[in-house]
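J.:
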Amino acid sequence: MIKGIYNASRSMNAGMKNMNAVANNLANLNTTGYKRLVPFTEVMSEYAPGKVHQLTDFREGELVNTQNRLDMALNGDAFFAVQSDSGIRFTKNGKFNISDDGYLTTESGDRVLGHSGEINVTRFMLEKDPEVIINDSGQIQIGSNIVDKLLITKISDKQSLTHDQNSNFILREGNFGIADAADYKVMQGYLEASNVNPILEMESMIKTSKNYETSQKIVNYLDQSLSMAKEIGKV
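Take any residue in the sequence shown, count from 1 to its spot, add 4: that is its number in this note's numbering.
#1: Classify M206: buried if its beta carbon has 16 or more other beta carbons within 10 angstroms, exposed otherwise.
#2: Which one or two residues does DSSP pair with R115 in a beta bridge?
#3: Can you tell which of D81, N97 and M20 has the C-alpha that lies nearest to the C-alpha of N315?
#4: With distances taken between CB atoms, is the gap from A183 to K153 smaller than 7 Å?
#5: If distances are taken between C-alpha atoms only, which option among R127, L30 and L59 comes closest to V42?
#6: Should T126 go down as buried or exposed, given a rule of 16 or more other Cβ atoms within 10 Å for buried?
#7: Would V26 pass as a contact of S171 if the rule is Cβ separation under 7 Å?
#8: When DSSP labels each residue in this structure, what does D187 get in the three-state scheme?
#9: Under 7 Å between the Cβ atoms of I156 and A77?
#10: Which class does G54 belong to by DSSP, given the choice of helix, strand or coil?
#11: Measuring alpha carbon to alpha carbon, tell me which residue in L204, L130, N79 and H167 is nearest G193.
#12: What number of angstroms, rounded off, separates the C-alpha of I9 from the C-alpha of I203?
#13: What residue does the beta strand (DSSP E) around E196 start on, and which one ends it?
#14: Grab me the residues of L67's own chain with a C-beta within less than 8 Å of its C-beta, minus the 5 sequence neighbours each way, in chain order.
#15: When the distance is taken between beta carbons, is V200 closer than 7 Å to R40?
#16: Determine the closest residue to F100 out of L117, D89, I92 and S90, with distance taken between C-alpha atoms.
#17: Here's the rule: buried if 16 or more other CB atoms are within 10 angstroms of the residue's CB, otherwise exposed. What is A85?
#18: For I156, which of helix, strand or coil comes out of DSSP?
#19: Which same chain residues end up closer than 7 Å to S164 when comparing Cβ atoms and leaving out the 5 residues on each side of it in sequence?
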């Protein structure tokens, strides 16, 4: 009976983690470059009890044509590298801007990294409305000047990445390398949408809610049965 309560409680705990993942996914439905958190119950089939951890679904989201010259999508197994206040972060969110001090930045102000470090375009923007061209490999050209090349990175074990703020990822373990140009394509004027499917998330939420209620009823029933058994033992 005690084991039954323990198993049902574990199921409820898994359900709570599952609901948190689904809620986070739905909250980021329209977040550029967001990668779906895999619900806890989907992970259970891959890992033994006690070794379960949160996984991320890195499948590509839909590519959206924005026609903005500073918007970039990465088609392939690679990530942009950006410098945040807390260190280097990795992202699929290529919605970039030019800051007041001339740096290529993300929406949240993180500076985009190139092979030469943080990318500053101030001296290349002197002519009026210069044409900005980013080729397939990430080389940045403004007017007739080659500015730098985007630092496009490859992570050998993507599950060592964990979600940070603003579609960024933190590399918890291991190292990153420079991606081979054959493995990716920078698409100027495009953004990668979130890979969250709202219908599937809602279905998961409903299923999880029902399973949680069932487990809760089992715990209550077994708890009452245990209390009755104790009372009988006193007679």
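Note that beta-carbon positions come from the ideal geometry of N, C-alpha and C, so glycine has one too.
T.: Inspection of the coordinates gives the following:
#1: Here residue 206 refers to the residue found at position 202 when the sequence shown is read from its first residue. M206 comes out exposed.
#2: In the sequence shown, counting from the first residue as 1, residue 115 sits at position 111. Looking at the DSSP assignment, R115 forms a beta bridge with Q87 and T109.
#3: Since the displayed the chain opens at 5 and closes at 239, residue 315 lies outside it and no answer follows.
#4: Counting from 1 along the sequence shown, the entry for residue 183 is found at position 179. Counting from 1 along the sequence shown, the entry for residue 153 is found at position 149. For A183 and K153, no; Cβs fall outside 7 Å.
#5: Translated into positions along the sequence shown, residue 42 becomes position 38. Cα-wise, what sits closest to V42 is L59.
#6: In the sequence shown, residue 126 corresponds to position 122, counting from 1. The residue is exposed, with fewer than 16 neighbouring Cβ atoms inside 10 Å.
#7: Counted from its first residue, the sequence shown places residue 26 at position 22. Counted from its first residue, the sequence shown places residue 171 at position 167. No; because the gap between Cβ atoms is not below 7 Å, this pair is not in contact.
#8: For this step, residue 187 is matched to residue 183 along the sequence shown. Three-state result, D187: helix.
#9: Walking along the sequence shown from the start, residue 156 turns up at place 152. Walking along the sequence shown from the start, residue 77 turns up at place 73. Cβ distance not < 7 Å, so I156 and A77 don't count as in contact.
#10: The count along the sequence shown starts at 1 and reaches residue 54 at position 50. In this prediction, G54 scores a pLDDT of 44, lower than 50, which makes its location untrustworthy; the coordinate-derived value is nonetheless stated afterwards. If DSSP states are grouped into helix, strand and coil, G54 belongs with coil.
#11: Here the question's residue 193 lines up with position 189 in the sequence shown. For G193, the nearest C-alpha among the options comes from N79.
#12: Counted from its first residue, the sequence shown places residue 9 at position 5. Counted from its first residue, the sequence shown places residue 203 at position 199. Low per-residue confidence applies at I9: pLDDT is 49, beneath 50, and the placement is therefore not dependable, though the value from the model is reported in the following sentence. Approximately 33 Å, taken between the alpha carbons.
#13: On the sequence shown, position 192 is the one that residue 196 refers to. Element bounds for E196: Y194 to E196.
#14: Locating residue 67 in the sequence shown gives position 63, counting from the first residue. A77, N79, M191, Y194, L195, E196 and A197, listed in sequence order.
#15: Counted from its first residue, the sequence shown places residue 40 at position 36. Counted from its first residue, the sequence shown places residue 200 at position 196. Result yes, Cβ atoms of R40 and V200 sit closer than 7 Å.
#16: Translated into positions along the sequence shown, residue 100 becomes position 96. Nearest option by C-alpha distance: L117.
#17: In the sequence shown, residue 85 corresponds to position 81, counting from 1. Classification of A85: buried, given that the 10 Å Cβ count is 16 or more.
#18: Within the sequence shown, the letter at position 152 stands for residue 156. In this structure, I156 counts as strand in the three-state DSSP scheme.
#19: Numbered from its first residue, the sequence shown carries residue 164 at position 160. L175, R176, E177 and G178, listed in sequence order.
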